[in-house]
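Peer 1: My questions will all concern the structure given below.
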Ligand code: CA
C-alpha cells in the first residue's frame, strides 16, 4: 500500500515535468512538390507512403496557401512569419534576405533549442539563428552537388536528396540529447529540371500517366496573362528538361545508368517524329516520369527520417512537418512551374504530426498558410509570438474543428515580373470558395473564380453580373486585408546585395 502511494506521488510529480517538456521539431521542406503528387491528397499519379504516414498519424491541411509562391519568398515567409512586403524578400533574382530580422529559429535558439538547417537555402545571405548549417549554394545540383560545409564549398559525391538526408541524420546523431532540437531539412527536389536518381529510373515500370482535362487549355475566359506566359509544356520545355540531352556533372557510373534508361527511349522518340498535340502528350509523359521519380526519392527520405525518430525513441515528443515551398503545375493549363494564384501553384501540401497533441488522421479545410508556420512552432514551444508576425498559430485547428474567428480570406501577392516565365504581377484574395485578383503589370485586368463551380479556374466570372454582389464583397475584403497587413501602394524595390 505504502509502495503504491509512493509510486503514485512519484508519477504525479513526474507529470507536470513531462507535459512541460518542449517538443523537438523536424521540419521537412521540399521544393516545388505539388499536392497533386501526394497520395495523402488522393493523387492519381504516385504513391507517397512515408509522407502519408505523417498525415495518418497527424493532420492533413487541405488548403495551405502560399502568399508569394516562389522558392526564396516562401522561405523568407516561413522564417519570419511575414508577407514579402514586410520581410523584403519578394523576388529570387532581385532580393537578398536580411538575416538581421526576427525569425522563429532565432527565437528557439534563444530559448535553448539546438537549431540546424541542412539543404536548400536560396536566400542570398548566410543563414542566421542556426547553431549549425550546411546549404547548397544557390539552386544546387542534383548529382554530386557542392555544399557549403563550415563556410567552405565542398563537392560531394552522390544524389542530392540522399546527401541532404544523410547529413540531416548525421546531425541528429551528433546533437546534444539534453536539449530540444529544431532541424530544418530542406530538399532541393523535385525542382526543375527534375533529374531522377539512377535507382529510380524504372520506379513507375512504364506507367502511362492520366492527362489533366485542361492540358490543351486555349486560355479563353481569362485575361491576357494566361496566354502570354512562358511556362508551357508545349513551348517552354527545353531539351535538357526532357532529358533529350544528359545533364553535366554525372560520373562514369551514373552516366552509364542514365544512358541505359534514356538512350533507347530517346532514339524511339526521335524516330517517331511526333508533332502538335502528340508531341505535347509525349513531353507530358516524360515530364511526369522524371518529376515523380524525384518525388519518390523525397518520400524515401521522409521515411528514413521518421524511422530514425522511431528507432531512437524520439517519436513521442517530436513535431514532424512535411510541406513544400509552394505548389506546381503538372500539366494543368498546359503548364509546369508555379507563381500564379491559381490553385495548383498557390496551394501547397502540408501535413504535420505531434503525438498526443494532434489526433491521428485529422484533416481540415481551414485556410492556412506557410505564414503560420513560425507562429505555430513558437506556440508549440510555449514561446510568445512577436507582434511583427502576420500569421496565426495553428494549434486551435489540431482537433479538426475550425474556430469561428478563423480567417475567411487570405492575401496573395506575386511581384516577380519582368522575370522568367512572364507571369504578371498580381495580388488578390483567396477564400474557401472564391478568388479575386488584380493583374497589374504588364497588363491591367481583374479575374474572379468560383471554385465550387469551376475548380479548374477556366472561366473568370469577374464581369458576370450574377456575381456582382459577391465581387463587391470580395473587393471590400481585399482592400481591408491590404490595410490590415500594411501593404504599401508602391511595390518594394530590388535590394539585392552584390557579394
Ligand atoms: Ca520552389
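Numbering (my numbering), first residue to last: 129 to 627. A virtual CB, placed ideally from N, CA and C, is assigned to each residue, including glycine.
Tell me the rounded alpha-carbon separation between residue 421 and residue 329.
Peer 2: Going by the C-alpha atoms only, they are around 7 Å apart.
Peer 1: Can you say whether residue 220 is buried or exposed, counting buried as having 16 or more other CB atoms within 10 angstroms of its CB?
Peer 2: Label assigned to residue 220: buried.
Peer 1: DSSP three-state label for residue 200, please.
Peer 2: Three-state result, residue 200: helix.
Peer 1: Does the segment 496-512 come into contact with the segment 226-244, if we say contact requires no fewer than three beta-carbon pairs (one atom in each stretch) closer than 8 Å?
Peer 2: Contact holds: three or more Cβ-Cβ distances are below 8 Å.
Peer 1: Could you check whether the Cβ of residue 454 sits closer than 8 Å to any heavy atom belonging to ligand 1?
Peer 2: Under cutoff, so the answer is yes.
Peer 1: Alpha helix (DSSP H) containing residue 152: first to last residue?
Peer 2: From DSSP, residue 152 is part of no alpha helix (DSSP H) but of the beta strand (DSSP E) over 152-158.
Peer 1: Would you list, in sequence order, the uninterrupted alpha helix (DSSP H) runs of no fewer than 4 residues that lie entirely inside the segment 356-432?
Peer 2: List check, alpha helix (DSSP H) in window: 380-400.
Peer 1: Taking the DSSP output, what are the residues bridged to residue 192?
Peer 2: DSSP lists 476, 496 as partners of residue 192.
Peer 1: Check the C-beta distance from residue 557 over to residue 605 and give it rounded, since I have them as a contact under 8 Å.
Peer 2: The pair is a contact, with the Cβ atoms about 6 Å apart (cut-off 8 Å).
Peer 1: Would you mind reading off the limits of the beta strand (DSSP E) that contains residue 213?
Peer 2: No beta strand (DSSP E) contains residue 213, which is instead part of the alpha helix (DSSP H) from 212-215.
Peer 1: Heavy atom of ligand 1 less than 8 Å from the Cβ of residue 202, yes or no?
Peer 2: Yes.
Peer 1: Roughly how many whole angstroms lie between the Cα atoms of residue 550 and residue 356?
Peer 2: Distance between the alpha carbons of residue 550 and residue 356 is about 7 Å.
Peer 1: Should residue 533 go down as buried or exposed, given a rule of 16 or more other Cβ atoms within 10 Å for buried?
Peer 2: Exposed.
Peer 1: When DSSP labels each residue in this structure, what does residue 590 get in the three-state scheme?
Peer 2: Of the three classes helix, strand and coil, the one that applies to residue 590 here is coil, per DSSP.
Peer 1: In the DSSP assignment, the beta strand (DSSP E) including residue 288 goes from what residue to what residue?
Peer 2: No beta strand (DSSP E) contains residue 288, which is instead part of the alpha helix (DSSP H) from 288-302.
Peer 1: Ligand 1 and residue 198: does the residue's C-beta get closer than 8 Å to at least one heavy atom of that ligand?
Peer 2: Yes, the Cβ of residue 198 comes within 8 Å of a heavy atom of ligand 1.
Peer 1: Count the C-beta pairs between the segment 289-308 and the segment 237-248 that are closer than 8 Å, then say yes if the count reaches three, no if not.
Peer 2: Touching, per the Cβ criterion.
Peer 1: Would you call residue 317 buried or exposed, if buried means 16 or more other Cβ atoms sit within 10 Å of its Cβ?
Peer 2: Result: buried.
Peer 1: For a test of your reading of the model: does the CB of residue 544 fall under 8 Å from any non-hydrogen atom of ligand 1? Yes or no.
Peer 2: No.
Peer 1: Is it the case that the segment 442-453 contacts the segment 480-487, given that we only count it when at least three CB pairs across the two stretches are under 8 Å?
Peer 2: Yes: the two stretches touch, three or more of their Cβ pairs being nearer than 8 Å.
Peer 1: Any idea if residue 489 is buried or exposed, counting beta-carbon neighbours within 10 angstroms, 16 or more meaning buried?
Peer 2: Counting Cβ neighbours within 10 Å, residue 489 comes out exposed, since fewer than 16 surround it.
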